[in-house]
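Peer 1: First the structure, then my questions, so here it is.
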Amino acid sequence: MGKKHFYYDSEKGEYIPVESQKSSKAKLIFSVIFLTLFFSGIGIFLGYHYLIQPQNANQAKLANELEKMELQYKALNKKFKKTQEVLEDLENRDEYVYRSFFELAPIDKDIRKAGFGGVDRYADFSSLTYGELVKETSKNLDIINKRLVVQSKSLDEIVESAKKKDEMFRHLPAIQPIANKDLKHIASGYGMRLHPILKIGKMHWGVDFAASPGTPIYATGDGTVKQAGASGGYGNVVVIDHGYGYETVYGHMSRIKVQAGQAVKRGDVIGFVGSTGLSSGPHLHYEVHKNGERVDPVHFFNQEVSPDEFNKLYEASQQMNISLD
Numbered sequence: 001m002g003k004k005h006f007y008y009d010s011e012k013g014e015y016i017p018v019e020s021q022k023s024s025k026a027k028l029i030f031s032v033i034f035l036t037l038f039f040s041g042i043g044i045f046l047g048y049h050y051l052i053q054p055q056n057a058n059q060a061k062l063a064n065e066l067e068k069m070e071l072q073y074k075a076l077n078k079k080f081k082k083t084q085e086v087l088e089d090l091e092n093r094d095e096y097v098y099r100s101f102f103e104l105a106p107i108d109k110d111i112r113k114a115g116f117g118g119v120d121r122y123a124d125f126s127s128l129t130y131g132e133l134v135k136e137t138s139k140n141l142d143i144i145n146k147r148l149v150v151q152s153k154s155l156d157e158i159v160e161s162a163k164k165k166d167e168m169f170r171h172l173p174a175i176q177p178i179a180n181k182d183l184k185h186i187a188s189g190y191g192m193r194l195h196p197i198l199k200i201g202k203m204h205w206g207v208d209f210a211a212s213p214g215t216p217i218y219a220t221g222d223g224t225v226k227q228a229g230a231s232g233g234y235g236n237v238v239v240i241d242h243g244y245g246y247e248t249v250y251g252h253m254s255r256i257k258v259q260a261g262q263a264v265k266r267g268d269v270i271g272f273v274g275s276t277g278l279s280s281g282p283h284l285h286y287e288v289h290k291n292g293e294r295v296d297p298v299h300f301f302n303q304e305v306s307p308d309e310f311n312k313l314y315e316a317s318q319q320m321n322i323s324l325d
């Protein structure tokens, strides 16, 4: 056991033990360790509070956002599939109804399906966390966009065709030249008939509408008056060029209301019933020409009359009788 050392404290009047050098070193080391641990603890606390804890919170927030994003992408893809179903239905109606009605050439299925060939345009997405999901969504969006472009062009084509069809429909000789309320009866139809004056069998190239003298006669479609005046056996006659290969002839008028070169609309009054030329009584002789060939006019009246009325009209026109011209 080592000797203790003392020193005399004159103020207190007593001896004070002197600590050994080893004891002082031990206390110093203990103090340093204590302070090191103390400040390390403070550092750890501050680091966790200001660095690690916020970082963990950010990671949790980011993970939550990624999860939400994944759900949103999946929901978006479901909407894309629904949109594609609706678009496919529209494409089918476009192909088999609208384009068929307007006699437009069908669109190739490969064009409609809007595939993408060549370079993988979605390769950059592969390195992402949800790369496959993003690729699928981007691809669906591109396909829908391309199919919409194809469909939009098809609808533009249909609208343009509809305008042309509407123009053509207005020019077709699609109504009766004499209103039903003014019509007594159809005296004779298209076909072989006994001529009332020549008394011989002769091809009758039109339909005879029996009506009172002065009954209004209407243009049966839009067009331009090609001829207006006296013309042999037709008497006072009007010929209208409707375009699209159609012409109509109106004979035996008592009076003509139009002149050559005049534009007329369907339903315009062009003259009045009479009995001029080779005629045995007041009536209108009406013809329809298609591409220079005379055709049966009765087939053009079905847009104005019901099916029953058309059948009666057709049967009356086909009866073998004496024509009025």
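Each residue of the sequence shown is one higher than the last, beginning at 1 in full-length UniProt numbering. Glycine included, C-beta positions come from ideal geometry on N, C-alpha and C. If you're wondering where the values come from, they're calculated on a predicted model, not measured in any experiment.
1) Quick one: measure Cβ to Cβ for G233 and L278, integer angstroms, because I've assumed they're closer than 8 angstroms.
2) Are the CB atoms of Q151 and L104 nearer to each other than 9 angstroms?
3) Which residue or residues does DSSP assign as beta-bridge partners of Q227?
4) Once DSSP output is grouped into helix, strand and coil, what is the label at V295?
5) State the Cα-Cα distance for the pair Y218 and K79, rounded to the nearest angstrom.
6) Express the C-alpha separation of R266 and Q227 in angstroms, rounding to a whole number.
7) Rounding to the nearest angstrom, what Cα-Cα distance links D182 and S212 in this structure?
8) Using DSSP bridges, identify the partner residues of L284.
9) Assuming the contact rule is C-beta atoms closer than 8 angstroms, A174 and G221 should be a hit. Round their C-beta distance to whole Å, please.
10) Taking the Cβ atom as the reference point for each residue, do V237 and A260 lie within a distance shorter than 9 angstroms?
11) Verify whether the separation of the beta carbon atoms of N140 and K81 is less than 9 angstroms.
12) Which one or two residues does DSSP pair with P106 in a beta bridge?
13) Is the beta carbon of G281 closer than 9 angstroms to that of A210?
14) Roughly how many angstroms separate the alpha carbons of K109 and S161, rounded to a whole number?
15) Flag this pair as yes or no: are the beta carbons of P106 and G206 separated by less than 9 angstroms?
16) When DSSP builds the beta bridges, which residues end up paired with G214?
17) Which residue or residues does DSSP assign as beta-bridge partners of Y246?
18) If we ignore side chains and look at the alpha-carbon of each, how far apart do V288 and L148 end up?
19) Span of the beta strand (DSSP E) holding I178?
20) Compare the beta carbon distance of F272 and T215 with 9 angstroms and say whether it is the shorter of the two.
21) Around the Cβ of D208, are there at least 16 other Cβ atoms within 10 angstroms (buried) or fewer (exposed)?
22) What residue range is occupied by the uninterrupted beta strand (DSSP E) comprising G232?
23) Since V249 contacts V258 with CB under 8 angstroms, what's their CB separation in whole angstroms?
Peer 2: Taking the structure as given:
1) Yes, they are in contact, since the Cβ atoms of G233 and L278 sit about 4 angstroms apart, within 8 angstroms.
2) The Cβ atoms of Q151 and L104 lie no closer than 9 angstroms to each other.
3) The beta-bridge partner set that DSSP reports for Q227 consists of V239.
4) If DSSP states are grouped into helix, strand and coil, V295 belongs with the strands.
5) Looking at the two C-alpha atoms, the distance is approximately 56 angstroms.
6) If you draw a straight line from the Cα of Q227 to the Cα of R266, it is about 17 angstroms long.
7) For D182 and S212, the distance between alpha carbons rounds to 8 angstroms.
8) According to DSSP, L284 shares a beta bridge with F209.
9) Going by Cβ atoms, the distance from A174 to G221 rounds to 6 angstroms, so yes, they are a contact pair.
10) Contact: no.
11) K81 sits close to N140, with the two beta carbons spaced by under 9 angstroms.
12) When beta bridges are read from the DSSP output, P106 appears opposite no residue.
13) Yes, Cβ-Cβ distance for A210 and G281 is below 9 angstroms.
14) In this structure, the CA atom of K109 is about 21 angstroms from the CA atom of S161.
15) Contact: no.
16) In DSSP, G214 forms no bridge with anything.
17) Answer is G243, K290.
18) C-alpha separation (whole angstroms): 44 angstroms.
19) First-last for I178: undefined, no H or E at that position.
20) Contact flag set, yes.
21) D208 comes out buried.
22) Run containing G232: none; DSSP gives neither H nor E here.
23) Not quite, the Cβ-Cβ distance comes to about 14 angstroms (not below 8 angstroms), so this is no contact.
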